[in-house]
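Chains E and W, in that order, give the protein sequences.
Under the working numbering, the first residue of the first sequence is numbered 87, with each subsequent residue one higher.
Under the working numbering, the first residue of the second sequence is numbered 3, with each subsequent residue one higher.
For every residue, glycine included, the Cβ atom is placed at its ideal position computed from N, Cα and C.
Everything below concerns the one structure shown next.
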Amino acid sequence: MDQQKVDMFLMNFGKYFEGYQLTQIRDRLLQLDESKFVMLQAANLKDPTITLIISIVGGSLGIDRFFIGDTGLGIAKLLTCGGLGVWTIVDWFLIMGRTREVNAQRLQQVFF
Amino acid sequence: MSRRSLYALVLLLSAAGWGWVAFNAAAAGSDGMDPGARHGSPGFPASRTMDAPSDRLVLPSPCPFRLATGLPCPSCGTTRSLLALADGDPADAARSNPFGFPAALALLVLPAWILHDLLRGGDGFHRAYGRTEAVLRQRPAVALAVAAVVIVNWGWNILKGV
Numbered sequence: 087m088d089q090q091k092v093d094m095f096l097m098n099f100g101k102y103f104e105g106y107q108l109t110q111i112r113d114r115l116l117q118l119d120e121s122k123f124v125m126l127q128a129a130n131l132k133d134p135t136i137t138l139i140i141s142i143v144g145g146s147l148g149i150d151r152f153f154i155g156d157t158g159l160g161i162a163k164l165l166t167c168g169g170l171g172v173w174t175i176v177d178w179f180l181i182m183g184r185t186r187e188v189n190a191q192r193l194q195q196v197f198f
Numbered sequence: 003m004s005r006r007s008l009y010a011l012v013l014l015l016s017a018a019g020w021g022w023v024a025f026n027a028a029a030a031g032s033d034g035m036d037p038g039a040r041h042g043s044p045g046f047p048a049s050r051t052m053d054a055p056s057d058r059l060v061l062p063s064p065c066p067f068r069l070a071t072g073l074p075c076p077s078c079g080t081t082r083s084l085l086a087l088a089d090g091d092p093a094d095a096a097r098s099n100p101f102g103f104p105a106a107l108a109l110l111v112l113p114a115w116i117l118h119d120l121l122r123g124g125d126g127f128h129r130a131y132g133r134t135e136a137v138l139r140q141r142p143a144v145a146l147a148v149a150a151v152v153i154v155n156w157g158w159n160i161l162k163g164v
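Next comes the structure, spelled out in structure tokens:
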């Protein structure tokens with residue numbers, strides 16, 4: 087993929103990943119062929135900040151977990167009323183990191 | 003999710019669950035409270051329904067849904083169910099909320115499984131969790147079935163006046 091497109095992707099989606107992963111991601115993107123560019127758009131990456139807001143607003147219903155695709159944990163969180171409130175609070179701190187992890191996994195699937 | 007984060011999260015949640023049940027058991031025991039008045043709704047006379055929410059628990063219900071709407075949520079009654087199981091009364095547990103059974107199972111099995119994995123350096127629970135998530139993601143029918151069960155139980159909760 088050409089450098090301009092790669093840089094544009096990183097400008098838009100840099101925050102979606104952990105900082106230390108960005109060089110690796112950039113290298114893989116540069117090696118990727120053009121046809122995969124469309125797949126990149128369809129990777130369904132989630133914005134960690136939006137996820138955090140969802141967690142604060144609807145965390146006790148597990149909506150944040152459902153949003154990033156952790157369906158099983160979402161159901162468990164919902165049924166335990168946000169893990170008796172404990173999980174709700176814990177997730178306020180964990181959810182952004184978890185979202186970035188999920189994004190990295192989804193990006194890996196595009197690479198292969 | 004990494005093995006370490008998953009195990010830490012589930013152990014923390016199990017500890018919170020055990021603490022919550024133990025707290026309620028201890029408080030209810032020391033107060034020596036009476037079951038008190040029972041209430042119900044049409045078709046479910048009081049004699050067949052649950053203790054009123056405030057009777058066996060020490061605190062007002064922690065459920066945000068109930069605080070907001072006055073109606074029980076799908077898991078309301080689970081604490082009472084667990085307390086009933088601890089007292090050796092599965093019938094009462096089922097009447098409070100059948101979710102008490104899987105909850106009791108989870109509280110007993112999950113910490114033991116995780117500790118076993120940590121001591122033996124295995125990742126059985128981690129892999130089982132991965133398989134469950136995969137199934138839920140790839141076969142929406144399963145997730146829908148779970149949702150249906152939850153909603154039916156919710157309806158029953160409302161009828162019972164949990």
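Simplified DSSP assignment, three categories, for W/D94: Translated into positions along the second sequence, residue 94 of chain W becomes position 92. Residue state, collapsed to three classes: helix.
DSSP-derived helix/strand/coil call for W/V152: Numbered from its first residue, the second sequence carries residue 152 of chain W at position 150. The answer is helix: DSSP assigns W/V152 an H, G or I state.
Proximal residues to W/V12 (C-beta, below 7 Å), its chain only, five neighbours per side dropped: As a position in the second sequence, residue 12 of chain W is number 10, starting the count at 1. Counting only residues of its own chain and dropping the five nearest sequence neighbours on each side, W/V12 has a CB closer than 7 Å to the CB of L112 and I116.
Three CB pairs or more closer than 8 Å across the region 171 to 180 of chain E and the region 104 to 113 of chain E: In short, these stretches do not touch, since the Cβ pair count stays below three.
Contacting positions in the region 129 to 146 of chain E - beta carbon closer than 7 Å to chain W: Answer set for the region 129 to 146 of chain E: S146.
Spatial distance of E/T135 from W/A29 (CA atoms): By one-based count along the first sequence, residue 135 of chain E stands at place 49. By one-based count along the second sequence, residue 29 of chain W stands at place 27. One C-alpha to the other measures close to 41 Å.
Any C-beta of chain B under 9 Å from that of W/Y131: In the structure shown, chain B does not exist; the protein chains are E and W.
E/L96 vs E/N189 beta-carbon contact at 9 Å: Position 10 of the first sequence, counted from the first residue, corresponds to residue 96 of chain E. Position 103 of the first sequence, counted from the first residue, corresponds to residue 189 of chain E. Result no, Cβ atoms of E/L96 and E/N189 do not sit closer than 9 Å.
Span separating the alpha-carbon of W/S16 from that of E/D119: Position 14 of the second sequence, counting from 1, holds the residue named residue 16 of chain W. Position 33 of the first sequence, counting from 1, holds the residue named residue 119 of chain E. In a straight line, the C-alpha of W/S16 is about 47 Å away from that of E/D119.
Cβ shell of W/V144 (< 8 Å), same chain only, five flanking positions each side left out: Indexing the second sequence from 1 puts residue 144 of chain W at position 142. Here the set comprises V137 and L138.
Test item: CB-CB of W/N159 and W/G79 under 9 Å: By 1-based counting over the second sequence, the position of residue 159 of chain W is 157. By 1-based counting over the second sequence, the position of residue 79 of chain W is 77. Result yes, Cβ atoms of W/N159 and W/G79 sit closer than 9 Å.
For E/G183 and E/K163, believed in contact at Cβ under 8 Å, the rounded distance: Within the first sequence, residue 163 of chain E is the residue found at index 77, counting from 1. Within the first sequence, residue 183 of chain E is the residue found at index 97, counting from 1. Between E/G183 and E/K163 the Cβ distance is about 17 Å, and since that is not below 8 Å, they are no contact.
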